[in-house]
Amino acid sequence: MNSTNQSLKPLTTKINESGNLEIGGCDLTDLADKYGTPLYVIDEYTLRSICWDYKKAFKDFGKMNFLYASKALCTQAVAKIVHEEGFGFDVVSSGEIYTVYKAGVDMSKVLFNGNNKSVEEITLAVELSVGRISVDNFFELSLLDEIAKSHNKTVDILLRITPGIECHTHEYIQTGHLDSKFGFDLTQIDEAIELVLNNYKNLKIHGLHAHIGSQIFETSIYADEIEILTKEIARIEDKFGIKLNEINIGGGLGVKYTEEDCPPSIFDVAEIILNKLDSCIKKYNIEPPAIFLEPGRSIISTSGVTLYTLGSSKQVPKGKKYVAVDGGMADNVRPSMYGAEYYAEIANKPDKECVNNVTIAGRFCESGDILIKDIKLPEIEEGDILCVYNTGAYNYSMSSNYNRVQKPCMVLVNNSQSDIIVSRETLDDIVSHDEIPGRLNGK
Ligand code: LLP
C-alpha cells in the first residue's frame, strides 16, 4: 500500500478551472497575491494523511508511540494538528520545548533529545515535566541528576546509543555510525547504567534510543536497529536485573523530492519493523517493549510547497539560462548545503508544454545560491509564480536572515481556506535585536 511520503506533491494538488495550480482548494496564484512571496504553504489534509498512514500501518501493535521530530518544522499550529492526531514530540531545544508547550501539547508525550543540552534547557524540561529525556553522554547524566535533585524530582530517561549502523544518505545527515557525535557507544552502555543504578538516584531509566540518519530509503536498517536494541535490552536484563521496556528507533523515513526518488511506504517499513520485533522477542526471550518512532521529514515535507515570484533572467551566451526568484538559500538552504534536488512547476502555467531547461537562482549574494540546477519549464515570463514542491521539512526550520532579508510568511490551507500560521517578518523585526551602545550616539 502506498503512503503519503511517496507523493511528490501535496495530495490535494490539482489544476483548477482557471488553469492554475491549486492546493487545499486554494489557487496558488491567489495565495501569492494575497500573502506575497516567497510564501510557505502547508496543506493540512496531506499532513493529517501521513499521520493516518503511520497509525494505520502500526495499528496491530498495541505498544506503538509516535513522536513528531519537531526540528523538521516547529510552529504552534503544526504542533496542534500533529498533537490532535495523537502524536507526541521529539524536541531538541528550549525553543522547541516552549513552542509545543505554548501550543498546549501534553508535555508527558514529549521527549527531549540532543547532544549538548544546556543547563537552562534541561531546567526548562524538568520544570515543564517533559515525559522523557534522552541522555546523550556521561557529562549530561551527572548534570541531569543534579538538576533533577535540585528540583526534588525523578526524571525519566532513555539512553541514546550509537548502534553502529551506516545508511546510504548524505554524510551530514547520518547519525548512527560508530564515530558519530551522538550517543553512547555500545561499549559505554554498562557504565552508564551502573551510574544510574548506583549514583544518580534522581534518574529512572526506561529504555534505549537510537537514530540512524535521515532521508532513508533502505528499509533493512530498521530491522538491524531492532536487532541491536532488543539484544541490548536482553543483555542488560541479564546483567543488571532491570527490565527496559522502551525502544525508540528514531526517524529517518525518506520522501520524494524528485520524480526519480522512490522512498519506501510506511506500510512496508511497519511490516519489517513488526516482523523483526516479533522474531527478536522470541530470540532474546524478552517482553515486548513499547516502540517509539520519531519521524520528522516524512510527516511534514510532502504537505509543504514554497511559492516564489520569477524575476530577472539571464541567458549566458552559449551557457545556462538563469531565472531568479525572490527567495533562495535563506528560506531553503538544502540545495546549497546538501546538494538537495527539488521539483517545481509554474503555478499559473501548469499544463503548458515544458520547453526550456533553466536554472533557478536565488536572490542571495552567493554564487552557490541555486535552488534548482536544471529543470524543464514552460516559456517563462517575469511575474510567473513558481511552486517548489516538498519544502515542508527543514526549510523554514533552517531558514536565516542572510542579507537581512525577512523570513517568509507561512499559510495553512484546507477546504479552500487559507490562514497565516507564521507571519512574514517586517523590517522592524530585522532590526529589533540591534542595540546601539550609547557612546556611539555621543552619550
Ligand atoms: N530523531 C532524531 C534523534 C534525529 O536526530 C532526527 C533528525 C529525527 C528523529 C528526524 O529525522 P527525519 O524523520 O526527519 O529524517 N537538516 C537535514 C536533516 C537533519 C536531520 C537531523 N535529525 C536535512 O535538511 O536533510
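Position 107, counted from 1, in the sequence shown is what the numbering used here calls 107; the numbers after and before it change by one each time, with no gaps. Note that beta-carbon positions come from the ideal geometry of N, C-alpha and C, so glycine has one too. The model shown is predicted, which means the values in this text are computed figures rather than measured ones.
Rounded to whole angstroms, the separation of the alpha carbons of E120 and G19 is 53 angstroms. Under DSSP, the beta-bridge partners assigned to Q315 are K321.
Taking the Cα of T258 as reference, the smallest distance to any Cα among S298, S312 and Y342 is reached at Y342. Here the distance from the Cβ of K71 to the nearest heavy atom of the ligand LLP is below 7 angstroms.
Put simply, the backbone Cα of V355 is about 5 angstroms away from that of P378.
D326 sits close to G311, with the two beta carbons spaced by under 8 angstroms. Counting only runs of 3+ residues, the beta strand (DSSP E) found wholly inside the segment 216-282 occupies 246-248, in chain order.
Per the C-alpha coordinates, the member of I286, C51, I81 and S118 positioned closest to I421 is I81. Taking non-hydrogen atoms of the ligand LLP into account, the C-beta of G62 is found less than 7 angstroms away from none of them. Judged by DSSP secondary structure, G88 falls within the beta strand (DSSP E) whose first and last residues are G88 to V91. CA-CA distance, S399 to L143, rounds to 31 angstroms. Spatial neighbours of Y68 in its own chain (CB-CB distance under 6 angstroms, excluding positions within 5 residues in sequence) are listed in chain order as V82, F87, F89 and I299.
Straight-line measurement puts the Cα of I50 at about 22 angstroms from the Cα of I247. Checking the 7 angstroms criterion, the Cβ of P163 is out of range of every heavy atom belonging to the ligand LLP. The beta carbon of T230 lies closer than 6 angstroms to those of C280 and Y284 in the same chain, with the five residues before and after it left out.
Collapsing the DSSP output to three states places M337 in a helix.
With a cut-off of 8 angstroms on Cβ pairs, the segment 23-43 is not in contact with the segment 211-219, counting fewer than three such pairs. Counting C-beta pairs closer than 8 angstroms gives fewer than three between the segment 192-203 and the segment 100-119, which falls short of the contact rule. Judged by the Cβ position, S423 fails to qualify as a neighbour of the ligand LLP at the 7 angstroms threshold, every heavy atom of the ligand being at least this far.
S150 and L124 have their C-alpha atoms spaced approximately 13 angstroms apart.
Using a cutoff of 7 angstroms, the CB of A270 does not count as near the ligand LLP, since none of the ligand's heavy atoms is closer than that. In this model, D434 and D428 are separated by some 10 angstroms (Cα to Cα). In the three-state DSSP reduction, A79 falls in the helix class (H, G or I).
Looking at S134, L371 and V126, the one whose alpha-carbon comes closest to that of T154 is V126. Within the chosen limit of 7 angstroms, the ligand LLP does not reach the beta carbon of M329 with any heavy atom. Your pair V405 and I360 does not check out as a contact, with CB atoms roughly 17 angstroms apart and the cut at 8 angstroms. Beta bridge pairing from DSSP links L111 with D90 and R132. For L440, no beta strand (DSSP E) run applies, since DSSP gives it neither H nor E. The criterion of a C-beta distance shorter than 8 angstroms is not satisfied by G304 and N245. Judged by the Cβ position, P295 qualifies as a neighbour of the ligand LLP at the 7 angstroms threshold, a heavy atom of the ligand being closer than this.
Around the beta carbon of L141, 16 or more other beta carbons lie within 10 angstroms, which makes this residue buried. Looking from the CA of A270, the closest CA among F58, D43 and D53 belongs to F58. Between I266 and D136, the gap from beta carbon to beta carbon reaches 8 angstroms or more. I436 counts as exposed, since fewer than 16 other beta carbons sit within 10 angstroms of its beta carbon.
Taken atom to atom, the span from the alpha-carbon of P264 to that of L440 is near 59 angstroms.
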